[in-house]
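Reading the sequence shown from the start, the letters are residues 4 to 425 in the working numbering.
The beta carbon of each residue, even a glycine, is placed where N, CA and C say it ideally should be.
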Amino acid sequence: MSKKILFNFIALVFVCQLYAQKTTPTIKNETDVPSYKLPHLLTSMGGEEIDTPLKWDRLRRPEIHSYFANQVYGVVPGQLDFNNVEVLENEPAALGGKAIRKQVNLIFKKGNKSISMPLLIYLPNKKTKSPVFLAYNFKGNHSVNDDPAILINGKKQSELSRDEIKKFNKNGRGGRTSRWAIDKIIDAGYGLVTINYNNVDPDKNDFSDGIHALFYKPGQKSPAKKEWGSLSAWAWGMSRIMDFLETEALIDHQKVVLFGHSRLGKTALWAGANDQRFSIVISNNSGCGGAALSRRRFGEKVSDINTNYPHWFAKNFHNFNENEAALAVDQHMLIALMAPRPVYIASASQDSWADPKGEFLSAKAASPIYRLFGKKGIEMEKLPSVNTPIHETVGYHLRKGKHDVTDFDWEQYIKFANQHFQ
Ligand code: GCU
Numbered sequence: 004m005s006k007k008i009l010f011n012f013i014a015l016v017f018v019c020q021l022y023a024q025k026t027t028p029t030i031k032n033e034t035d036v037p038s039y040k041l042p043h044l045l046t047s048m049g050g051e052e053i054d055t056p057l058k059w060d061r062l063r064r065p066e067i068h069s070y071f072a073n074q075v076y077g078v079v080p081g082q083l084d085f086n087n088v089e090v091l092e093n094e095p096a097a098l099g100g101k102a103i104r105k106q107v108n109l110i111f112k113k114g115n116k117s118i119s120m121p122l123l124i125y126l127p128n129k130k131t132k133s134p135v136f137l138a139y140n141f142k143g144n145h146s147v148n149d150d151p152a153i154l155i156n157g158k159k160q161s162e163l164s165r166d167e168i169k170k171f172n173k174n175g176r177g178g179r180t181s182r183w184a185i186d187k188i189i190d191a192g193y194g195l196v197t198i199n200y201n202n203v204d205p206d207k208n209d210f211s212d213g214i215h216a217l218f219y220k221p222g223q224k225s226p227a228k229k230e231w232g233s234l235s236a237w238a239w240g241m242s243r244i245m246d247f248l249e250t251e252a253l254i255d256h257q258k259v260v261l262f263g264h265s266r267l268g269k270t271a272l273w274a275g276a277n278d279q280r281f282s283i284v285i286s287n288n289s290g291c292g293g294a295a296l297s298r299r300r301f302g303e304k305v306s307d308i309n310t311n312y313p314h315w316f317a318k319n320f321h322n323f324n325e326n327e328a329a330l331a332v333d334q335h336m337l338i339a340l341m342a343p344r345p346v347y348i349a350s351a352s353q354d355s356w357a358d359p360k361g362e363f364l365s366a367k368a369a370s371p372i373y374r375l376f377g378k379k380g381i382e383m384e385k386l387p388s389v390n391t392p393i394h395e396t397v398g399y400h401l402r403k404g405k406h407d408v409t410d411f412d413w414e415q416y417i418k419f420a421n422q423h424f425q
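What follows is the structure in structure tokens.
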């Protein structure tokens, strides 16, 4: 066989394998969910029963966390603090006077590489510290509200190049207003801190740019198998923003609520697991690799997510494609890593790709650790009816409708935060 034919043959087998993985039938009916056994939350890998918060903190929590870090999301291969903060703007009377708007650039430098993270901050217009929601946005800071003073990627409209205008206009000023209940947030006494997740690591299967590149050893081009994928990089970004929030006089850094939708909901959970400075963590429609139990294989499966988004998780996680039972963890254990802090899992009734029932069961299966801390998790056996929130230390709701973030969701999150901060 000539070399060319052999090469074509191998390439064909490879493409067929990829295709086969992508087309493994999606489970859409509850009756097709395979039977599965979840790994025990409160038994250590060495078989020890975890019956005190101390044993959880000293033994079980670190081993679960380390497993997620090495096998699922990937380890951050070093440390890097922000180099300096460039204040781009500070407007005391934004949003008709009720808010302070501050825009800053966090700048990170290593060797000859640097990254800047442009943040948009709205705070209630008062002289005392405010609790805040911290959240990534998908489409740029200027997409969260039609306030014309919001900088686009840290720049004024007049400073943008032609290419940038094309790129950023596509997403549109105020184009995602419906997902950001800024008025409700400010009126309830909270601030909002947001940044486009692409500013930390562009969401594409390319590890030459973004924050990863600042951490490479000489000659390294992509993360090692147990090192961070993009979700872990985004989670790292949230912690670095937290470092900055701790220095801000008008932000109550003891009351930072981390929020994320979808892939950014997965990010919020992993960031909350890594960094206990976040006092409440909210995952909205996070699904596979977020709140949903992987072993149910309902909707999006591990193999789907690793095939379609090969850069999100550590390469090690690909070993579990079509092999979820081999994982020593499932996603209820990720939720449990928030304990005893309040955590909120939200699903949407038409979002079957994210497996609403799997998200509920996961929140429920995380609840024993809350009980161990003397707090209430999810006691109810069955998925609650739509728009009937449960607000214990573990929160859950199934909103009527599709994969999205709506005013209903925000109303619940504000109520939940009020309840826990009072
Ligand atoms: C895709 C992906 C999900 C993800 C979602 C999103 O649907 O399969 O895992 O949550 O995108 O982030 O919007």
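Does the structure place the segment 123-138 close enough to the segment 92-108 that three or more beta carbon pairs sit under 8 Å? Below 8 Å, enough C-beta pairs join the segment 92-108 and the segment 123-138 to call them touching: three or more.
What three-state label does DSSP hand S370 in the structure shown? For the purposes of this step, residue 370 is taken as the residue at position 367 of the sequence shown. Three-state DSSP puts S370 in a helix.
Check whether the Cβ atoms of A369 and H335 sit closer than 7 Å, and answer yes or no. Your numbering for residue 369 matches position 366 in the sequence shown. Your numbering for residue 335 matches position 332 in the sequence shown. Yes. Within cutoff.
Does D60 come out as helix, strand or coil in the three-state DSSP assignment? Along the sequence shown, one-based indexing puts residue 60 at 57. Correct three-state label for D60: helix.
Spell out the partners DSSP gives T46 in its beta bridges. Walking along the sequence shown from the start, residue 46 turns up at place 43. Beta-bridge pairing links T46 to E52.
I want to check one thing, is the minimum distance from the CB of S265 to the heavy atoms of the ligand GCU below 6 Å? Along the sequence shown, one-based indexing puts residue 265 at 262. Yes, the beta carbon of S265 sits closer than 6 Å to at least one heavy atom of the ligand GCU.
Could you pull the start and end residues of the beta strand (DSSP E) that S133 belongs to? For the purposes of this step, residue 133 is taken as residue 130 along the sequence shown, with counting starting at 1. S133 -> beta strand (DSSP E) spans 133-140.
Return the first residue and the last residue of the beta strand (DSSP E) that F262 is part of. Here the question's residue 262 lines up with position 259 in the sequence shown. 254-264 is the span of the beta strand (DSSP E), which, as asked, contains F262.
Give the straight-line distance between the Cα atoms of Y76 and G240, rounded to the nearest whole angstrom. Residue 76 sits at position 73 when you count from the first residue of the sequence shown. Residue 240 sits at position 237 when you count from the first residue of the sequence shown. Computed Cα separation, rounded: 14 Å.
Which same chain residues, not among the five before or five after V79, have their C-beta less than 6 Å away from its C-beta? Within the sequence shown, residue 79 is the residue found at index 76, counting from 1. Correct list, in chain order: W231, W239.
Whole angstroms are fine: how far does the CA of T46 sit from the CA of F171? As a position in the sequence shown, residue 171 is number 168, starting the count at 1. As a position in the sequence shown, residue 46 is number 43, starting the count at 1. Those two C-alpha atoms are separated by around 50 Å.
beta-carbon E327 near the ligand GCU non-hydrogen atom, thresh 6 Å: In the sequence shown, residue 327 corresponds to position 324, counting from 1. The answer is no for E327.
From the DSSP output, read off the bridge partner residues of S286. Stepping through the sequence shown from its first residue, residue 286 is reached at position 283. G263, I348, per the DSSP bridge assignment.
Can you tell me the Cβ-Cβ gap for D284 and R243, rounded? I've got them flagged as a contact below 8 Å. In the sequence shown, residue 284 corresponds to position 281, counting from 1. In the sequence shown, residue 243 corresponds to position 240, counting from 1. Checking the sequence shown, residue 284 turns out to be Val, not Asp. V284 to R243, Cβ: 17 Å. No contact.
Would I153 be called buried (16 or more neighbouring beta carbons within 10 Å of its own) or exposed? One-based indexing of the sequence shown puts residue 153 at position 150. Its Cβ being crowded by 16 or more others within 10 Å, I153 is buried.
If you check the beta carbons only, do N185 and N148 fall under 7 Å apart? Residue numbering aside, residue 185 sits at position 182 when the sequence shown is read from its first letter. Residue numbering aside, residue 148 sits at position 145 when the sequence shown is read from its first letter. First, the residue type needs correcting, since residue 185 is Ile and not Asn in the sequence shown. In this structure, N148 lies closer than 7 Å to I185 by Cβ.
Reduced DSSP secondary structure (H/G/I, E/B, other) of A271: Walking along the sequence shown from the start, residue 271 turns up at place 268. The answer is helix: DSSP assigns A271 an H, G or I state.
Buried or exposed: which applies to P359, given that a residue is buried once 16 or more other Cβ atoms fall within 10 Å of its Cβ? Within the sequence shown, residue 359 is the residue found at index 356, counting from 1. That one is buried.
Close Cβ partners of G50 (< 8 Å) along its chain, the five nearest in sequence each way excluded: Position 47 of the sequence shown, counted from the start, is the residue given in the question as residue 50. So no residue of the chain qualifies.
When every heavy atom of the ligand GCU is checked, does at least one fall within less than 6 Å of the C-beta of E362? The residue given as residue 362 occupies position 359 in the sequence shown. Every heavy atom of the ligand GCU is 6 Å or more from the Cβ of E362, so no.
Closest to L217 by C-alpha separation, out of K116, G194, K224, F316, would be which residue? As a working note, residue 217 is residue 214 in the sequence shown. Out of K116, G194, K224, F316, K116 has the C-alpha closest to the C-alpha of L217.
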